[in-house]
Amino acid sequence: MVEYAQPNTHHSFHIGHYRNTILGEALARLTEFAGFETIRASYPGDLGLGVITVMWAYDRFYKGQEPAGVHERGQWLLKIYVEATARLTKKENETSEETALREQYEAERREMYRKYDAGDPYVRELWRVTREWSLEELREILRMLDVKIDVWF
233 MVEYAQPNTH HSFHIGHYRN TILGEALARL TEFAGFETIR ASYPGDLGLG VITVMWAYDR
293 FYKGQEPAGV HERGQWLLKI YVEATARLTK KENETSEETA LREQYEAERR EMYRKYDAGD
353 PYVRELWRVT REWSLEELRE ILRMLDVKID VWF
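For the sequence shown, our numbering assigns the number 233 to the initial residue and increments by one for each residue that follows.
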């Protein structure tokens with residue numbers, strides 16, 4: 233088994249992902265050429281605080297919106313992540329109103345994480361949909377690179 237092409241979901245595929253994908257595919261092809269049965273596997277990084285951050289910001293500020301193109305979605309999710317991180321980061325000379333809003337946002341994000349862990353149907357569906365947007369882009373990129381993953385975890 234060769235495990236590779238493990239990008240984090242909820243943002244766009246970047247040069248580091250390309251590097252790991254090409255190296256993994258080269259290794260898989262070498263093992264096949266040497267006569268070994270080869271299984272190509274990938275474990276996308278599809279949960280964690282970064283993923284929850286995108287889900288929270290999407291739900292809070294972009295609910296119901298969706299870019300049309302597969303590749304546009306990845307860039308859009310990255311934009312949402314960057315904006316969310318800026319909203320959640322304490323700023324120099326922050327006013328009391330800004331502090332209260334930032335703390336409210338942080339509480340909302342943590343509540344979404346708690347709900348995800350508790351199996352909340354709405355949050356799990358939001359995760360599934362936004363994860364699939366990322367995986368659609370990934371599958372298209374892998375198709376263009378002539379990389380075939382046998383097993384997705």
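Beta carbons: idealized from backbone N, C-alpha and C, even for Gly.
Since this is a predicted model, take the numbers as computed values, not measurements.
query = In terms of residue numbering, what span does the beta strand (DSSP E) encompassing A300 cover?
reply = Residue 300 sits at position 68 when you count from the first residue of the sequence shown. That residue, A300, is in no beta strand (DSSP E); it is neither H nor E in DSSP.
Residue closest to L281, alpha-carbon to alpha-carbon, out of L262, H242, G306 and R305 = Locating residue 281 in the sequence shown gives position 49, where the first residue counts as 1. Considering only alpha carbons, the answer is H242.
query = Any chance the CB of D382 is under 8 Å from a heavy atom of the ligand MG?
reply = Because no ligand of any kind appears in the structure shown, any question about the ligand MG cannot be addressed here.
request  = Starting from G277, follow its DSSP beta bridges and name the residues at the other end.
outcome  = The count along the sequence shown starts at 1 and reaches residue 277 at position 45. Bridge partners of G277: N240.
query = Between which two residues does the alpha helix (DSSP H) harbouring H249 extend?
reply = Against the sequence shown, residue 249 aligns to sequence position 17. Counting along the chain, the alpha helix (DSSP H) containing H249 begins and ends at I247 to F265.
query = Does the count of Cβ pairs from the region 285–298 and the region 339–352 closer than 8 Å reach three?
reply = yes
query = Can you tell me the Cα-Cα spacing of Y275 and Y236, whole angstroms?
reply = Start at 1 with the first residue of the sequence shown, and residue 275 comes out as number 43. Start at 1 with the first residue of the sequence shown, and residue 236 comes out as number 4. Taking the straight line from one Cα to the other gives about 8 Å.
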